[in-house]
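Visitor: Protein chains in written order, with our numbering: chain A, 1134 to 1291; chain B, 1111 to 1219. Pasting a structure below so you can have a look.
Now the structure itself:
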């Protein structure tokens, strides 16, 4: 009887140890993944910030800058590819913000044939700034959905 | 089904709205590839990937411009299978097609 109880206790202890190890492993993995994702998001946000600065410089410059227009297109493309690689991205929700952002920068006043220097108070610049802020906000919101601030600090997404 | 790969058949660096903006503008792409494809009856795959990037003015002129020429959005949707890893590009293109139709109906063009 005593031996059976001891065996059972040993088994329970073993199960608890394995469960504890498993939980620690899963949470540790999640923490590392969270750090990696945060780093990638910060890189995307830096790109977004540079794109905003370049876009404002482009539209307020005295003459059409073809090198800067090419660089902006490449930067926006790189930004979108980076966002698509983030596991937290709900791409469908993000698309509307990406489109609005690209459109604000590259639809009007973006070609040599139509370019004119804009004043710092032009509505197009306001649109660039607000679409940048909205995209940044959406990225951060999706990060919070993926990694909430309460236990277990991550959420499994499809 | 034929395929138009922008990167290999047109340019890896498409840019600009009108032909005066450069040789690889949205207008040039429309005239050279999209208009002939839209006049045909066979479905066409349009592969957008492999280029450095797209400006919205290029996309609007290339695809929205088709509607301003008289092509109907439904006809274009039946003919064109637009593909890209960046799904926002495909959504943006069809938005320009629909907007051009709305503007046309409102008499804005």
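Quick reminder that beta carbons are idealized off the backbone N, C-alpha and C, glycines included. This structure is a prediction, so every number in the text was calculated from the model and none was measured.
Spell out a yes or no on whether the segment 1154-1161 of chain B and the segment 1180-1197 of chain B are touching, meaning 3 or more CB-CB pairs, one atom from each, closer than 8 Å.
Guide: yes
Visitor: Could you give the distance in angstroms between the alpha-carbon of residue 1218/A and the alpha-carbon of residue 1164/A?
Guide: Whole-angstrom Cα-Cα distance: 19 Å.
Visitor: Expressed to the nearest angstrom, what Euclidean distance is found between the alpha-carbon atoms of residue 1137/B and residue 1282/A?
Guide: Straight-line Cα distance between these residues: approximately 50 Å.
Visitor: If you compare alpha carbons, which of 1174/B, 1194/B, 1159/B is closest to residue 1118/B?
Guide: Of the candidates 1174/B, 1194/B, 1159/B, the one whose C-alpha sits nearest the C-alpha of residue 1118/B is 1159/B.
Visitor: Tell me the rounded alpha-carbon separation between residue 1231/A and residue 1190/A.
Guide: 20 Å
Visitor: CA-CA distance, residue 1175/A and residue 1112/B?
Guide: 41 Å
Visitor: Out of 1195/A, 1178/A, 1266/A, state which residue places its alpha-carbon closest to the alpha-carbon of residue 1214/A.
Guide: Residue 1178/A is the option with its Cα nearest to residue 1214/A.
Visitor: Can you have a look at residue 1149/B and say buried or exposed, based on whether 16 or more other CB atoms are within 10 angstroms of its CB?
Guide: exposed
Visitor: Candidates 1203/A, 1192/A, 1200/A: which alpha carbon is nearest residue 1253/A's?
Guide: 1192/A
Visitor: Mind checking which residues open and close the alpha helix (DSSP H) that includes residue 1172/A?
Guide: 1135-1193
Visitor: Looking at chain A, is there any beta carbon in it that lies within less than 8 Å of the beta carbon of residue 1211/B?
Guide: no
Visitor: Give a yes or no on contact between the segment 1122-1142 of chain B and the segment 1169-1188 of chain B, applying the rule of three or more CB pairs nearer than 8 Å.
Guide: yes
Visitor: Report the residues of the segment 1188-1213 of chain B with a CB closer than 8 Å to any CB of chain A, ordered along the chain.
Guide: 1195, 1196, 1197, 1198, 1201, 1202, 1205
Visitor: Run through the DSSP bridge pairs and tell me what residue 1178/B is partnered with.
Guide: BP columns for residue 1178/B are empty, so no partner.
Visitor: Within the continuous beta strand (DSSP E) that includes residue 1115/B, where are the two ends?
Guide: 1112-1115
Visitor: What are the boundary residues of the alpha helix (DSSP H) that includes residue 1203/A?
Guide: For residue 1203/A, the uninterrupted alpha helix (DSSP H) run begins and ends at 1199-1218, by DSSP.
Visitor: So if DSSP puts residue 1243/A in a beta bridge, which residue, or which two residues, is it bridged to?
Guide: None, per the DSSP bridge assignment.
Visitor: Inspect the beta-carbon positions of residue 1131/B and residue 1198/A and report whether they are closer than 8 Å.
Guide: no
Visitor: Anything in chain C within Cβ reach of residue 1131/B, meaning under 8 Å, just list it in chain order.
Guide: Looking at the structure shown, chain C is missing, and the protein chains on hand are A and B.
Visitor: Is the beta carbon of residue 1197/B within less than 7 Å of some heavy atom of the ligand MG?
Guide: For the ligand MG, the structure offers nothing, since it holds no ligand at all.
Visitor: Quick one: residues in its chain with C-beta nearer than 6 Å to the C-beta of residue 1233/A, no 5 flanking neighbours on either side, listed in chain order?
Guide: 1264
Visitor: Quick one: list the residues of chain A neighbouring residue 1170/B, beta-carbon separation under 7 Å, in chain order.
Guide: 1240
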